[in-house]
Structure formats: structure tokens, C-alpha cells
Amino acid sequence: NQSLAELDPEIAEVLKLELGRQRDTLEMIASENFAPRAVLEAQGSVLTNKYAEGYPGRRYYGGCEHVDVAEKLAIERVKSLFGAKFANVQPHSGASANAAALSAMITPGQKIMGLSLAHGGHLTHGMKLNFSGKLYQVAAYEVEPDTFCVDMDKLRTQAIAERPDVIIAGWSAYPRQLDFAAFRAIADEVGAKLWVDMAHFAGLVAAGFHPNPVPFADVVTSTVHKTLAGPRSGLILCNDPELAKKINSNVFPGHQGGPLMHAVAGKAVAFKIAASEEFAQRQKLTLDGARLLAERLTADDVTGAGISVLTGGTDVHLVLVDLRNSELDGKQAEDLLHEIGITVNRNSVPFDPRPPMTTSGLRIGTPALATRGFDIDAFTEVADIIGAALRDGKDADKAALSRRVSTLAKAFPLYEGLEDW
Ligand code: PLP
Numbered sequence: 008n009q010s011l012a013e014l015d016p017e018i019a020e021v022l023k024l025e026l027g028r029q030r031d032t033l034e035m036i037a038s039e040n041f042a043p044r045a046v047l048e049a050q051g052s053v054l055t056n057k058y059a060e061g062y063p064g065r066r067y068y069g070g071c072e073h074v075d076v077a078e079k080l081a082i083e084r085v086k087s088l089f090g091a092k093f094a095n096v097q098p099h100s101g102a103s104a105n106a107a108a109l110s111a112m113i114t115p116g117q118k119i120m121g122l123s124l125a126h127g128g129h130l131t132h133g134m135k136l137n138f139s140g141k142l143y144q145v146a147a148y149e150v151e152p153d154t155f156c157v158d159m160d161k162l163r164t165q166a167i168a169e170r171p172d173v174i175i176a177g178w179s180a181y182p183r184q185l186d187f188a189a190f191r192a193i194a195d196e197v198g199a200k201l202w203v204d205m206a207h208f209a210g211l212v213a214a215g216f217h218p219n220p221v222p223f224a225d226v227v228t229s230t231v232h233k234t235l236a237g238p239r240s241g242l243i244l245c246n247d248p249e250l251a252k253k254i255n256s257n258v259f260p261g262h263q264g265g266p267l268m269h270a271v272a273g274k275a276v277a278f279k280i281a282a283s284e285e286f287a288q289r290q291k292l293t294l295d296g297a298r299l300l301a302e303r304l305t306a307d308d309v310t311g312a313g314i315s316v317l318t319g320g321t322d323v324h325l326v327l328v329d330l331r332n333s334e335l336d337g338k339q340a341e342d343l344l345h346e347i348g349i350t351v352n353r354n355s356v357p358f359d360p361r362p363p364m365t366t367s368g369l370r371i372g373t374p375a376l377a378t379r380g381f382d383i384d385a386f387t388e389v390a391d392i393i394g395a396a397l398r399d400g401k402d403a404d405k406a407a408l409s410r411r412v413s414t415l416a417k418a419f420p421l422y423e424g425l426e427d428w
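The UniProt record's numbering runs 7 ahead of the 1-based position in the sequence shown.
Written out as C-alpha cells, the structure is:
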């Protein structure tokens with residue numbers, strides 16, 4: 008019964024330092040968030056001990072009467088949140104949700120068509136080293152070189168030529184909304200299934216600030232830890248009972264053994280929170296913050312230094328900074344912001360002239376800061392700090408910018424009292 012600090016001081020120290028890092032710096036990685044205390048409690052609980060292969064009421068292990076309640080609550084809550092008839096809440100991650108979803112729709116050797124990784128798609132949408140690129144034929148679509156958006160007419164022509172079995176709408180780095188109705192029409196025209204991966208924007212959908220893909224798609228997958236701010240994990244939704252059966256059997260026993268019941272309980276909590284007015288307010292601030300960031304980074308003094316944002320703005324929770332005309336490359340810009348206490352990730356821009364380890368872009372997101380309580384004034388200040396750093400590059404006054412970051416971090420305390428939980 009020793010505490011972590013007593014039993015394993017080295018790991019206890021890692022937790023302490025990481026909590027300090029999260030508190031003292033500004034987290035702007037677009038795929039990250041801060042799970043609320045209630046979610047952390049569910050995750051750090053005795054539910055981690057329980058094997059529960061199968062589904063509620065149909066388990067391969069005894070003693071599942073309590074974890075069944077947690078999983079049923081998670082299923083009912085997520086169905087109601089997104090208006091879906093069926094939900095599977097067992098995927099350990101977004102990638103495992105996607106693997107199970109794909110194998111429920113098609114068999115190896117059939118063809119998928121998703122946004123290319125280099126243009127903002129995800130590894131699981133057909134990247135050649137990923138299961139999706141190894142098991143299936145891949146016909147990737149791209150964004151346009153002038154607008155950096157997906158052109159639906161071109162996508163239709165490509166789909167007619169390629170005849171994919173599954174069309175994928177979804178992204179990891181794309182600052183605009185996709186037209187799900189147009190995707191549906193193209194999928195119907197070529198006889199493909201439509202899969203929407205809403206991992207990034209699910210929180211915006213839950214709050215009503217982004218069109219809901221569920222009425223259009225055959226299958227919708229998501230992570231739970233990005234804009235949804237839940238435990239690190241995945242989920243699958245659909246409306247067709249036959250497909251739902253295939254999804255369930257492709258998650259378990261197809262791709263996974265025992266579900267992580269502590270994570271499933273954490274999902275139930277996160278879905279309850281996501282239905283609240285407070286969550287909706289936070290999603291609004293997430294969006295307002297991202298729009299403001301895009302505006303400040305396209306101000307004359309910043310663009311004068313060769314910095315701009317792809318598509319000229321954003322409709323979602325992230326901004327893609329374009330550094331193709333800047334002296335700073337993505338790696339240097341990421342390092343510079345890291346030095347002043349702002350965490351972002353470098354990202355290739357479509358048609359990037361620089362190599363993938365360097366890149367000419369940054370992906371900057373606002374979900375974690377909105378969760379932290381950032382208001383418009385605070386987002387304005389952080390946008391101006393980033394703008395000044397990128398504009399001045401190697402000449403940036405790092406000490407002064409770090410002080411401004413610290414002031415913001417102190418003004419919005421994170422996980423107060425966590426040491427005592
Ligand atoms: N799908 C999309 C669109 C993503 O952006 C991500 C994660 O970045 C995933 C799936 C995979 O999620 P995970 O990292 O939980 O496997």
C-alpha cells in the first residue's frame with residue numbers, strides 16, 4: 008500500500024515535473040487538452056483491474072456488473088451527444104477505432120480514398136507504413152495549391168476515376184470545415200462507403216459549432232482526448248444496425264481483447280461534461296481564440312516578416328502557420344516558441360519545399376487554453392506574443408516574451424490542489 012512517491016520516487020518525480028510543465032507553460036498543440044479532474048479520477052481508479060471482454064450483459068468474465076453500468080452510460084451518453092443510433096466506446100485509441108472501423112466496412116485489398124498525410128490527413132487514412140496503407144489500396148486526394156482547400160469537383164472526378172470502396176472525410180491539420188453532404192453525394196455516386204474521422208473537431212460538433220457528420224456518414228470515428236477533453240481513447244458511431252454488429256465484432260475480438268474499463272468510465276464522464284452549457288462556452292472560446300490568432304498572425308507587421316496562415320483564417324480550433332516565405336523554418340519556430348514557454352508542433356504545409364523533419368509550418372491550437380479558462384483578452388495576449396516571436400525570429404526578446412507567458416500561465420491556474428487529490 009505504498010504511495011507512488013514512496014515506492015517509485017523516480018516516476019513520482021516525472022509526474023511532478025510534468026504537472027509543473029503543464030502549469031507553467033502554454034499548451035497549444037492542437038490535438039491536446041486538459042482532462043478534467045473527474046476524468047482523471049475515473050482513469051486512476053480500481054476499474055483498471057477489471058477484465059471485461061465482450062459487451063455489457065454479454066461478457067466473457069464474471070464480476071462485470073459494475074463496469075457494465077459504466078460502459079452502458081458511456082454508450083447512451085455518446086449516442087445522445089451526437090445523435091447516433093449505435094456506439095462502440097471500447098477502442099483504446101483513435102488509431103484502433105479507425106482500424107476496426109475500416110475492417111468493418113471493407114476487406115484487405117479494397118480501396119480507400121482519404122486526404123493525403125502531407126496535406127493534413129492522418130496516418131490511418133492510408134499512409135504507406137500504417138496498417139491502412141499496407142492492407143488497403145490507397146488513392147489519396149489533396150488540397151488545391153492556390154486555396155489550400157479540398158475542391159469537391161476535383162474530388163468527384165478523382166472518385167469516379169478511382170472507384171474507391173471507402174471515402175474518408177477527416178483530418179489532423181486542416182483549418183476549414185468539410186462539406187459532408189457533398190462527400191455523401193460523391194460516395195453514393197461511386198458506390199463507396201463514407202467514413203468521417205472527426206477526431207479533431209468532435210468537441211465542436213458536440214457543442215453545435217461544427218456540422219455533425221453522423222447523419223451523412225456510414226461510420227464516424229473519433230478520439231476522445233482532443234477537443235472533447237476526455238481520456239486518451241477512441242470511439243465509433245453509426246446508424247445502421249448491420250454495420251454496428253460488424254463494428255462491434257471488429258473491435259472485439261477483431262482488434263482488441265479486454266477494454267480499458269477505467270478509460271471507458273472516463274469517457275462516460277467526458278460525454279456527460281460535453282453535454283453541458285459550460286462545455287459549449289469553452290468550445291466557443293476555443294473557436295474565438297483560434298480566429299483571433301489567425302487575425303493577429305495576418306496583421307501587417309507579422310506578414311511583413313513572411314508569415315501567414317493557410318487559407319487566410321480558420322473555422323475550427325487550429326491555425327496553420329505558413330512559414331514558406333519566412334527565414335524561420337518549422338523546427339526553428341517550434342523551438343523558439345518552446346524556449347519562451349509555448350508548446351506547438353511543427354507541421355509540413357501542403358507542397359512544402361522543406362523536408363518533413365524541418366517543415367515550413369506550425370500547427371497551433373486553442374482547445375487546451377480554452378479549457379484552462381482563457382478569455383478573449385488572454386487569447387489576444389498569447390496571439391501577440393506568438394506574432395512578436397515569429398516576426399522577430401532570431402532577434403526576438405526571449406526574456407521579455409517568457410515573462411509575458413509566465414504572467415498568463417499564473418493568471419489561469421491549472422489543476423489547483425492536484426497534489427492533494
Ligand atoms: N484520427 C485523426 C484525424 C487524428 O488526428 C488522430 C490523432 O492525431 C487519430 C485519428 C489517432 O488517434 P490516436 O493517437 O489516439 O491513435
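Every residue, glycine too, gets a C-beta built ideally from N, C-alpha and C.
Distance between beta carbons of residue j and residue i, contact taken as under 8 Å
i: Ile-243; j: Val-271; result: The pair is not a contact, with the Cβ atoms about 13 Å apart (cut-off 8 Å).
i: Glu-39; j: Ala-375; result: 5 Å
i: Leu-304; j: Ile-393; result: 7 Å
i: Gly-70; j: Phe-259; result: The Cβ separation is near 18 Å, so there is no contact.
i: Ala-188; j: Pro-171; result: Not confirmed; about 18 Å, so no contact.
i: Ala-416; j: Leu-33; result: 6 Å
i: Gly-241; j: His-99; result: 7 Å
i: Leu-292; j: Ala-377; result: 4 Å
i: Ile-175; j: Asp-204; result: 6 Å
i: Ser-103; j: His-262; result: 6 Å
Of the residues the options, the one placed nearest residue i, counting alpha carbons only
i: Leu-185; options: Ala-199, Cys-156, Ala-206 and Ala-194; result: Cys-156
i: Ala-81; options: Lys-338, Ile-280 and Pro-362; result: Ile-280
i: Arg-361; options: Leu-408, Gly-372 and Lys-338; result: Lys-338
i: Ala-213; options: Thr-365, Ala-180 and Gly-90; result: Gly-90
i: Ala-194; options: Lys-118, Glu-78, Gly-70 and Leu-408; result: Lys-118
i: Asp-382; options: Thr-154, Leu-294 and Glu-284; result: Leu-294
i: Lys-57; options: Asp-75, Ile-392, Ala-390 and Ala-180; result: Asp-75
i: Leu-250; options: Tyr-422, Trp-202, Tyr-143 and Leu-33; result: Trp-202
i: Ala-369; options: Ser-123, Ala-12, Leu-235 and Arg-331; result: It should be pointed out that residue 369 corresponds to Leu in this sequence rather than to Ala. Checked all of Ser-123, Ala-12, Leu-235 and Arg-331; the closest Cα to Leu-369 is Arg-331.
i: Ala-306; options: Ala-224, Asp-391 and Ala-282; result: Asp-391
i: Glu-78; options: Lys-161, His-269 and Asn-354; result: His-269
i: Tyr-422; options: Leu-408, Arg-30 and Thr-365; result: Arg-30
i: Asp-342; options: Ala-403, His-99, Glu-151 and Ala-418; result: Ala-403
i: Arg-353; options: Gly-116, Lys-161 and Ala-180; result: Ala-180
i: Leu-425; options: Leu-47, Glu-34, His-132 and Gly-320; result: Leu-47
i: Ser-355; options: Ala-340, Ile-347 and Ile-349; result: Ala-340
i: Thr-55; options: Leu-415, Gly-273 and Val-197; result: Gly-273
i: Ala-396; options: Pro-420, Arg-379 and Glu-334; result: Glu-334
i: Ser-315; options: Asp-322, Asp-329 and Thr-321; result: Asp-329
i: Lys-141; options: Gly-313, Pro-115 and Phe-216; result: Pro-115
i: His-129; options: Leu-162, Thr-230, Ala-111 and Lys-161; result: Thr-230
i: Ala-37; options: Ala-407, Arg-163 and Thr-234; result: Thr-234
i: Thr-228; options: Met-120, Leu-22 and Val-96; result: Val-96
i: Ala-209; options: Lys-200, Val-221, Gly-198 and Ala-199; result: Val-221
i: Ser-123; options: Glu-149, Arg-28, Tyr-143 and Asn-257; result: Glu-149
Residues bridged to residue i [DSSP beta-bridge criterion]
i: Met-35; result: Paired residues: none, contrary to the question.
i: Asp-204; result: Gly-177 and Thr-228
i: Arg-353; result: Leu-369
i: Met-120; result: Ile-174
i: Gln-144; result: Lys-118
i: Leu-327; result: Arg-370
i: Ser-110; result: Bridge partners of Ser-110: none, in fact.
i: Ser-315; result: Asp-329
Check: residue i C-beta below 8 Å from any heavy atom of the ligand PLP
i: Ser-355; result: no
i: His-126; result: no
i: Trp-178; result: yes
i: Asn-105; result: yes
i: Ala-206; result: yes
i: Gly-101; result: yes
i: Gly-237; result: no
i: Lys-118; result: no
i: Gly-61; result: no
i: Lys-233; result: yes
i: Thr-350; result: no
i: His-324; result: no
i: Gly-368; result: no
i: Thr-230; result: yes
i: Gly-273; result: no
i: His-129; result: yes
i: Ser-10; result: no
i: Ser-240; result: yes
i: Ser-38; result: yes
C-beta neighbour in chain D for residue i, strict 9 Å
i: Lys-252; result: Looking for chain D here will not work: only one protein chain is present.
Original post:
Can you give, in chain order, each stretch of the beta strand (DSSP E) that sits fully within the region 35 to 102 and has at least 3 residues?
Top reply: 93 to 95
Subject >> Entirely enclosed beta strand (DSSP E) segments - the region 217 to 280, minimum 3 residues >> reply: 226 to 230 and 241 to 245
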